[in-house]
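Accompanying notes for the structure given below.
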Amino acid sequence: MNKLIVSNDLPLVSVIIPTYGRPHFLERAIDSVLSQSYKNIEIIVVDDNSSNLHHEQTVKIIKKYNRNNKIIYIFDGINVGGSLARNRGIIESKGEYITFLDDDDIYLEKKIESQVEHIINNNIDVSVCNMFFKKNNNFLDISNCYSRVGSIQEFILNGNAYTPMIMSKKESLLEVGLFTHSPRYQDHILMLKLFMAGKKIKSLNEKLFIHNDHNEKRITNSNKSEEAYRIRQSYERKNLYKLNDIEKKQYKIIECLINAKILRAKKNYLNSLKSVISAFTYITNRNDLYKIIKTLIRIHILPNKKI
Numbered sequence: 001m002n003k004l005i006v007s008n009d010l011p012l013v014s015v016i017i018p019t020y021g022r023p024h025f026l027e028r029a030i031d032s033v034l035s036q037s038y039k040n041i042e043i044i045v046v047d048d049n050s051s052n053l054h055h056e057q058t059v060k061i062i063k064k065y066n067r068n069n070k071i072i073y074i075f076d077g078i079n080v081g082g083s084l085a086r087n088r089g090i091i092e093s094k095g096e097y098i099t100f101l102d103d104d105d106i107y108l109e110k111k112i113e114s115q116v117e118h119i120i121n122n123n124i125d126v127s128v129c130n131m132f133f134k135k136n137n138n139f140l141d142i143s144n145c146y147s148r149v150g151s152i153q154e155f156i157l158n159g160n161a162y163t164p165m166i167m168s169k170k171e172s173l174l175e176v177g178l179f180t181h182s183p184r185y186q187d188h189i190l191m192l193k194l195f196m197a198g199k200k201i202k203s204l205n206e207k208l209f210i211h212n213d214h215n216e217k218r219i220t221n222s223n224k225s226e227e228a229y230r231i232r233q234s235y236e237r238k239n240l241y242k243l244n245d246i247e248k249k250q251y252k253i254i255e256c257l258i259n260a261k262i263l264r265a266k267k268n269y270l271n272s273l274k275s276v277i278s279a280f281t282y283i284t285n286r287n288d289l290y291k292i293i294k295t296l297i298r299i300h301i302l303p304n305k306k307i
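Right, dumping it as C-alpha cells:
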C-alpha cells in the first residue's frame, strides 16, 4: 500500500451522485459511499428533478443526513440531464480526485481506496475499474462488467467505461471541458476527450461497485439516440487517422451496425437492412462476421428475442 494512503495526508475525493426520478434508491447509494474504507471524501448529490414529488422525496432523504458535513446537496429546479448534472457537481467539488455514482448503484467498501491507490502508485490521471452487473436480482458476468481502455485506437473500436468506473484527477476533467451534453454515450465521449488530451489512463482489474440495470434507463426515442451517436461519432472521426487499415474497416462495421439500429428504431426497415448488408464488405476476420450476423438476427430476424 502506498504510504500516502495510510498517512493522515489523504487527498480529498469528491463523489458526484446525480439523481433523477429514483429517490427510493438514493439513500442506499449514499450509505454505500459513507461506508467506504477511505474516509477523506465529500458526497455531492445533484438533484436533477424539477419541483415535483420526486424532488420532495429527495429532500426528505437528504434531511436524514443534516448532521453529516460530508454531504453537499445541490438543487437548481430544472432537469438538465446526467451529463450537465455531473458537471454541476464537479464545478462545486473541492476534491483533488473525482469519481461518480449513479443513484441506483452501490459502491463496494474499498472502491475509493483502491482507485486512489491505483492512480498514485501508477502515476496516472485516470483509473477505470470493473463492476458487478445486476439485473432482475441476478448477477451476470458479461463483457460490460470489465473496463476496456488501452490506447485510443482500442477504445474507439471496443472501449467500455461506465461512468462510475471512472476516477479522475479533477484538473484533467476541467482541462477537457467536463462532460459533453449528450443524451447517451457521455462516459464514452469523456474518455475520448481524456485520451485526446494525452491523459494517462489505466484499467484496474477489480470489481468495485454494483451496477443495477433497469429497463427504465433505456432511451427509446430514436431521434435522441441518433443525436447522441452523431456527437460520439464526431469525436471518434477526429482520431480515425490513428487507425491502421484493418482497424478502419472494423470501425466502418461499427458505423454500419449502429446506423442500422437507429434506422430500425425509426421503422425504416429497408435502409436498416441495407446498412447491415453493407457491413459485410468490411469484414477482416471471423469476429467481424459474427458481430454482423448477430446484429442482423437481433434487429431484423428475431427483434423481440434476447440474442
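Residues 1 to 307, numbered by UniProt numbering, are exactly what the sequence shown covers, in order.
For glycine and all other residues, C-beta sits at the position ideal for the given N, C-alpha and C.
Item                                                                                  : Value
Exposed unless 16 or more other CB atoms sit within 10 angstroms - verdict on P18     : buried
Unbroken beta strand (DSSP E) run spanning L101, endpoints                            : L101 -> no beta strand (DSSP E), and no H or E assigned at all.
Top-ranked residue by Cα proximity to S225, from H54, Y185, I16 and R28               : Y185
C129: first and last residue of the uninterrupted beta strand (DSSP E) it sits in     : V126 to K135
Start and end residues, beta strand (DSSP E) containing H211                          : I201 to D213
Boundaries (first-last residue) of the alpha helix (DSSP H) holding V276              : Y269 to A279
C-alpha distance - N52 paired with R286, whole-angstrom precision                     : 52 Å
Distance, F179 Cα to L302 Cα                                                          : 36 Å
Span separating the alpha-carbon of G21 from that of D48                              : 8 Å
Helix, strand or coil at Y235 [DSSP, three-state]                                     : helix
Cβ shell of L192 (< 6 Å), same chain only, five flanking positions each side left out : Y235
Supposed close pair K242, Q153 - CB separation, criterion 8 Å                         : 5 Å
Length of the line joining the Cα atoms of N271 and A260                              : 7 Å
Length of the line joining the Cα atoms of L101 and T163                              : 7 Å
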